[in-house]
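Following: one structure in C-alpha cells, then a few remarks.
Number of protein chains: 6
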Amino acid sequence: MSTDAASPLLVVSAHAGDFVWRAAGAIALAAERGDRAKVVCLSYGERGESAKAWRAGKGLEEIKELRRGEAEAAAAELGAEIEFLDAGDYPLRETPELVDRLVRVYREFEPAVVLTHTLTDPYNGDHPAAARMAMQARVLAQAIGYDAPGEPLGAPPVFFFEPHQPEMCDFTPDMLLDITPVFERKRKAMECLPAQVHMWEYYTELAKRRGVQLKRNAGPNLGLAHETMAEAYVRVYPQTTGVLA
Amino acid sequence: MSTDAASPLLVVSAHAGDFVWRAAGAIALAAERGDRAKVVCLSYGERGESAKAWRAGKGLEEIKELRRGEAEAAAAELGAEIEFLDAGDYPLRETPELVDRLVRVYREFEPAVVLTHTLTDPYNGDHPAAARMAMQARVLAQAIGYDAPGEPLGAPPVFFFEPHQPEMCDFTPDMLLDITPVFERKRKAMECLPAQVHMWEYYTELAKRRGVQLKRNAGPNLGLAHETMAEAYVRVYPQTTGVLA
Amino acid sequence: MSTDAASPLLVVSAHAGDFVWRAAGAIALAAERGDRAKVVCLSYGERGESAKAWRAGKGLEEIKELRRGEAEAAAAELGAEIEFLDAGDYPLRETPELVDRLVRVYREFEPAVVLTHTLTDPYNGDHPAAARMAMQARVLAQAIGYDAPGEPLGAPPVFFFEPHQPEMCDFTPDMLLDITPVFERKRKAMECLPAQVHMWEYYTELAKRRGVQLKRNAGPNLGLAHETMAEAYVRVYPQTTGVLA
Amino acid sequence: MSTDAASPLLVVSAHAGDFVWRAAGAIALAAERGDRAKVVCLSYGERGESAKAWRAGKGLEEIKELRRGEAEAAAAELGAEIEFLDAGDYPLRETPELVDRLVRVYREFEPAVVLTHTLTDPYNGDHPAAARMAMQARVLAQAIGYDAPGEPLGAPPVFFFEPHQPEMCDFTPDMLLDITPVFERKRKAMECLPAQVHMWEYYTELAKRRGVQLKRNAGPNLGLAHETMAEAYVRVYPQTTGVLA
Amino acid sequence: MSTDAASPLLVVSAHAGDFVWRAAGAIALAAERGDRAKVVCLSYGERGESAKAWRAGKGLEEIKELRRGEAEAAAAELGAEIEFLDAGDYPLRETPELVDRLVRVYREFEPAVVLTHTLTDPYNGDHPAAARMAMQARVLAQAIGYDAPGEPLGAPPVFFFEPHQPEMCDFTPDMLLDITPVFERKRKAMECLPAQVHMWEYYTELAKRRGVQLKRNAGPNLGLAHETMAEAYVRVYPQTTGVLA
Amino acid sequence: MSTDAASPLLVVSAHAGDFVWRAAGAIALAAERGDRAKVVCLSYGERGESAKAWRAGKGLEEIKELRRGEAEAAAAELGAEIEFLDAGDYPLRETPELVDRLVRVYREFEPAVVLTHTLTDPYNGDHPAAARMAMQARVLAQAIGYDAPGEPLGAPPVFFFEPHQPEMCDFTPDMLLDITPVFERKRKAMECLPAQVHMWEYYTELAKRRGVQLKRNAGPNLGLAHETMAEAYVRVYPQTTGVLA
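So, in C-alpha cells, the structure goes:
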C-alpha cells in the first residue's frame, strides 16, 4: 500500500555516523531499487562522538570537517545524498528554527519512508532530541497552513532504527529487514569511519544476530541465505495494507 | 517475504461467531485471492454467546445446532472452510488434548497466516484461552519431535483480531487491513447471525472507523476509496521483509 | 467527595475545535447542572486544523476570526464560557508565559474539575503540549508562593478526553460518562463547525460505541436508555471517595 | 450509577486473614450503610499463613479451626457474613469445581461490588489464583447459559485490594477510600488475629499513609479529618457515571 | 565492581528539603564509610515547598535564607557538603546554562554514585525537570569534547530516590538500602526542617515499612535487626557485577 | 547482604541445553568460588530441541539418553551437579507433582541464588512453564506448613537468564555479569553439545556483545579486560543491600 515505484527514503540522524551503523542496509536497498535516499545529519557529532580526535588534540572545526568527510564517503558508498544542518551536538538543542528546517526538508524531499532514532535513550540525549524533532517536523509538514514552500506532506511511515543498547531504549524490534544483498556495501560504508574500527565488527555481528532472528521468524521454508544479514526496526504508526502477511 | 502465491489462512476462534465480526474481511480477501481459508471453532459459543436462544427456552443441543448452522452459512458466504471442535464454552477449558487437536490442524493445513484472539480479555475468559492454545499448538507443530502426522510447521505470522472492547484487551492496532473490496461479503456473513442483529451495525460502523484511521495513516495521496472499510489487527511476531514500507 | 453543589468545570483545549468533539457532553452536563463551564483555547487551530479554509485561499487573520466565531457558537450552544489565548498553533509552543497565563486562569476560575488532552499523541504535537501546560499550571497554581493573584488552588481532578486515534495515544478509558440527556446539544455544537462535516457523523458514532461499552460495563440491570450515548475519559489522579462503586 | 440503596459487597479472599488487612474498611463502611457484606475465604491459609501455629507444633485440622475462629470473629466485628470453601492453600489450586462454587455464590448473593486480590503477586501464588477464579466466575455467572441456579449476574465493578508489597504486584492505586469513620472497627477486626500482632501496627500505619495521600489528592478545601485513614484500591473495569468528579 | 574505597556520592535535588526525606540514609552511610557526599540543590524550594513561611507573611529572600539554613544544618548532620545553584523553583526551568553548571559539578566532584528524582511526578514538575537535567549533564560530562574543565566522567550508576507518592511516579523499588545504622542521623537531619514536622513521622514510618520489605526480600536467615530501617531506590542503568547476589 | 561464603546456586532449566547457553558463566563462577552449583533439568528437550537427532532417525529413548549425556558432560565441565526430572517436553506440563518435586529440591539444596527462564517466551511455551514452576515452588518451600522434608527456605534472589530472542521475551537486562575469567569453561561446556554447533559462535558473540555493554555501563575507569565477556540477567525481587553501588 505504500511501496510505490518511487519511494524516497529520508533518514534523520543526530550525528554524522548514526545512519551508517543503524540504517545503512535500508539505505543501500533503497538506492539499489532506484529510489532516492537522503540522510540529514543534524550535527557532525563533533563533541559527543569524536573522542579519538579530541584525544589526538584536534580542534573543533577540524573535527567537524573530518566527520563531514567520513559521512560523505559513507553516503556515497551507499548511493545516498547527504545534508548537514550543523546544529551542534552534546547537547543537540531542540529549537523551533531547527524543526522548521526539517519541515522544509520534508516538503522538498517528499519522503515515502522516514527513519530516525528512538524516543528513549538514557545514554545519549541527542538521539531522542533528533527523533522528537523529526516526528514533530513531519506532522507540521502535513499541514497546508504551515508556512513553508511546497505541498503538504502525505503520511510517510516512520521507523526507528536500532540504538546501541536496544533494551535500555525500549527498542523491541517488530520489523527485521533482510539486507543480505547489500551487506557488502554496508560494510564498506562502515569502513569509511576509521576512528571507530571496533564498531565494524560489532555491527557486522549484530547484522548476523538479527539475521538469525529473521530466519527464525520467517520460518525454515523460505530458502533464505545461510548467513542472512538483517537490520531491526520499530514501526511507529500502524501499517496500512491490503494483505495480512 | 511471506506472501507467496498459495497462502492458506487459518483462523482459530473460541466461539462460532467470533470470526465473523472480527476477521471476515481478512477471510474474504484470502478467498478472493484464491487462497484456502479455514476457520476452526473451538466451541459453538452455546452457553456464553447465545443468550437470546436460552431466553427463548431452547435446549443445549438445539442451540449448538443452531449456532453451527449460522457459522457454516457465514463461512460459506466468505468462501472459507469451517471445522468445529465442540470443546465446550463458558468455560472453554485448556487441555493437552485440545491443544493436540490444534497441532494436527496446523500440520494438516499448513497455514501461511494465523488469526486468533488477544491474550487479554477481562470480559471473556474463553478468548484468551483460545489464543493461548492457538499459540501453544503452533509452537508444538514446529517441532519434528512432536508426535503428530505431517511435516513440521514453518513459522506462520500470527495476528490478533479485534476484541469487542479493544482498549481493555491491550489491543493497540499496528495493522489496518483494507477490506473495502469485500465489505459486502462481510456484511452478508454478519447477516447470517440473526440473533445478534445489533452487532451488524456496530461492526459496520467499526469498519468505517478503522477505515478512517487507515486513510489517516496511509496519507491523502493514495487515492483510497472515499469510504474505506478496514479491520484492525495486532502483529505478534516481528515482520520479516525485504523492503521497509 | 468532590461533587459539591458548585463544581466549576475547566477545559483546556489546544485548538478551537477540540472541546466540541471530545468533551461537549461533559460541558453540557455541567451547564445543565448549573455549574460554570469554561473552555480555554490555547490557539484557534488556524494552521493545523483549518485545511479547508487554507485550500479556499483564506488568509491567516481571516481564518482565526472564522475559527473563533465557530468556537464561540459551539460554546454558547453548550452553555459554556470561552476564552482564547491566541498562542499560535503548529506548533503550539510551551513557554513560561503561556503557563503563567494558565495559572492565572486556574486561580481566577477555581475549577473543581479539569479536562484536557492526553500526554501522548503522535499525530499532533500540539495536543500533548497543551496537556503538559495544563498540568504544569495546575500544580503551580496550588503553591501559595507562586506570584499570581488569587488563592492557592485546591486539587481538582484531571481527566483526559478522547483523542482522535485513542489506541495510538495510550488512551485506555477508565471512565464512561453518560451523555444521553445532552447529546442533542453536543450534536448542535458539532454542527457549529461546518468545515468538518464528516466529523459530525464520526463523533456521533463514537458516542454510540462508547454508549454500548457503558451499558456493557454498567450491567443490564440499570434500566439505561436503549441508545445510550457516552464520552470516554481517563482519570489522571487517584479518585478519592467515601464509597466504592 | 451503581451506588443503589442496596449494594451487596462480595469479597473473595484466598486465605482467612486477607480481607481484614486489605479490605476491612470497605466492609465496615458497607455494613454501616446497611448493605450486606460477605467474605468468601477460599482457604484458611492453614499452610502458608500460619507459621506461628506450625512452629508451636499444632496440627493441620487444629490450625484450620483456629484460623476459622479468628476470621469469624473479625467478620463479626465488621458486620459481615463469612463463608469458607476450604479448598486448601499453598498451593491454592484452580479447578473448574472451585470456579463453579464461586459462580453459585455470585448467583445467590448478587453482589453490586466485588473485591479481590491483584492478578500479580510474586510473593504468593495463591493470591493471583484467587483473583483469576473470582474474575472468571463473575464472567461465567453473567451467562444465562451457564448451568447454575439463579438469575444471570449483572456487571458488578471489581476492585483489587492492596497487597503486602504493592509495587511488586503492579498495584497502582486509582481509588483512595476514606475509612476514617470505621477505622476503629478495622482495628478491632485486626486484633482478632493475635498471631500477627506486628501486622496491626503495620496496617494502621498504612491506613495513615493512604489517608495522607487521599488528602493530597482531594485537595485542602474539603475539610477532611486531621488524621484521615484510607484504604487503596485499583478499579478493574471502566467506571460508568453520570458526572465527572 | 563499582564500590571502590573512595566512592564520592552526588545527590541532585530540586529543592532544599528533598535530599533529607528521600536520601538522608544513603548520604549518612556514605559519610560514615568515609566517602565524600555532596548535595546540589537546584533551588531552595522557596515558592513551592515553603507554604508555612508564606502564610506567615515572610518575603522571598527571607524564605530562601531560611531554607538555606535548614538545608545546611541537615547536610551537616549527615556529614555532607552542600551547594545551592539558586535556579528558582515553581517552575524550575530547564536551561542549557543550568545543565552546564551541573556538568561542571560532575567534572569537579567525579561522583562514583548519583542520586536524583524520578523522571515522572504528576504532583511536582520540578522533580522530573531536576532528574532530566541531572541525567543529561551526566552524559555530557562523559564526553571529552564537551567544553568544561576536568577529565571526562566515568559511568557512575544513577539511582532514583523515593518520591512522595511512589506509585503515581512509576517508582517500583528494585533496591532496598539498610539504613538502620544511621537512622538516628536521618531523624536528626529531618528535625532540622521544623516547618514540616508532620513529615518526620511520615518518613520514619516509611523507613520502617521499607525495612519490613527489606527483611521480607532478604529472607529470615540473615540476622537483621528486629526493626530494620530502609530507603528504597530504583536503579537506572544495568548493574555491572562479578557475582550474582 | 546475600553474598555469604557459602552460596549454593540453583539453576532450573526446562530442557537439557538451556543452562549451557544462558547461564554457564554464572555456574562456572560459582564453582570457582567454591560454592555448590546445581542444575535441575525438568526435561531432556527430547522433542522440542533435538531436531537433528529426529532427522537422523533416532528414537525417543535414544534421544533422551543422548541429551542426558551431553548435559552431564557440560555440567561436569562447569563444576556443577545435575539432576534430571524427566517430566517430558513440548509441552512441559505444569503439574502439582512436578512443583512438589521442585519444592523438595529447594528444601534439600537450600539455594542462596536461583536462576531460571523468563516468564514470557512466545517462541517456546516450555520456558515460561518452567519459570512459573520454579517461582511457585520457591514460595511454597518458604512455608513451614508445606509438607516436605527440611527447613523452610529463606528468600533467595531469583534471576532470569537470557532467552534466545530477548526483546520478544520482555527481557530487559538489569544485571551484566562479568564472566571473562571463566569464559573458556563456558566455551568448552558449549562444545559438549555438538548437535548445535552454530550456537557455539552465536553465544560467544553474545557474550562479547554483553561484555561491550558491561564496559559501557561500568565506565572506562575500571581497568576491565579489553575483551570482557558477559552474561545478562534480570533481577526479579528487589535487591537488599547495605551500600548503593
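Protein chains in written order, with full-length UniProt numbering: chain A, 1 to 245; chain B, 1 to 245; chain C, 1 to 245; chain D, 1 to 245; chain E, 1 to 245; chain F, 1 to 245.
Built from N, CA and C at the ideal position, the CB exists for glycine as well.
Min CB distance residue i to chain A below 9 Å
i             : result
residue 246/F : Outside the shown range of chain F (1 to 245) lies residue 246/F, about which nothing can therefore be said.
P122/B        : no
Reduced DSSP category for residue i - H, G, I as helix; E, B as strand; rest coil
i      : result
C41/E  : strand
E231/B : strand
V12/F  : strand
L29/B  : helix
Q239/F : strand
L214/F : helix
F159/F : strand
D174/B : coil
R185/E : helix
C192/C : coil
Y203/B : helix
D147/F : coil
R55/E  : helix
Residue i versus residue j: straight-line alpha-carbon distance, rounded
i      : j      : result
A24/A  : L78/A  : 7 Å
E162/B : Q213/B : 14 Å
K208/B : G34/C  : 37 Å
D89/E  : V234/D : 33 Å
L92/A  : V113/A : 24 Å
A245/B : E94/E  : 38 Å
A56/C  : G223/B : 21 Å
E97/F  : L153/F : 19 Å
R68/C  : A51/C  : 15 Å
P166/A : D178/F : 20 Å
V103/F : A80/F  : 20 Å
Expected contact under 8 Å - CB spacing of residue i and residue j to nearest Å
i      : j      : result
M229/F : F183/F : 4 Å
D13/D  : V39/D  : Note on residue identity: the sequence assigns Ser, not Asp, to residue 13/D. 6 Å between Cβ atoms; contact.
R47/A  : G145/E : 3 Å
A28/C  : C192/C : The Cβ separation is near 13 Å, so there is no contact.
R210/F : A225/F : Not quite, the Cβ-Cβ distance comes to about 13 Å (not below 8 Å), so this is no contact.
I82/D  : E72/D  : 6 Å
Proximity test, Cβ basis, 9 Å: residue i and chain B
i      : result
Q136/A : no
P91/F  : yes
G154/D : no
Any C-beta of chain D under 9 Å from that of residue i
i      : result
Y106/F : no
Beta carbon proximity, residue i to chain E, threshold 9 Å
i      : result
Y237/F : yes
T240/F : yes
N217/F : yes
Y146/C : yes
Test: residue i CB closer than 9 Å to a CB of chain F
i      : result
M1/A   : With a pLDDT of only 43 at M1/A, under the threshold of 50, the placement of this residue in the model should not be trusted; the figure read from the coordinates follows. For M1/A, the answer is no, since every Cβ of chain F falls outside 9 Å of its Cβ.
H164/A : yes
Residue-chain proximity (residue i, chain C), Cβ-Cβ < 9 Å
i      : result
V243/D : yes
key: Sequence ranges, alpha helix (DSSP H) only - wholly within the stretch 60–136 of chain F, length at least 4   = Fully enclosed alpha helix (DSSP H) runs of 4 or longer: 60–78 and 96–109.
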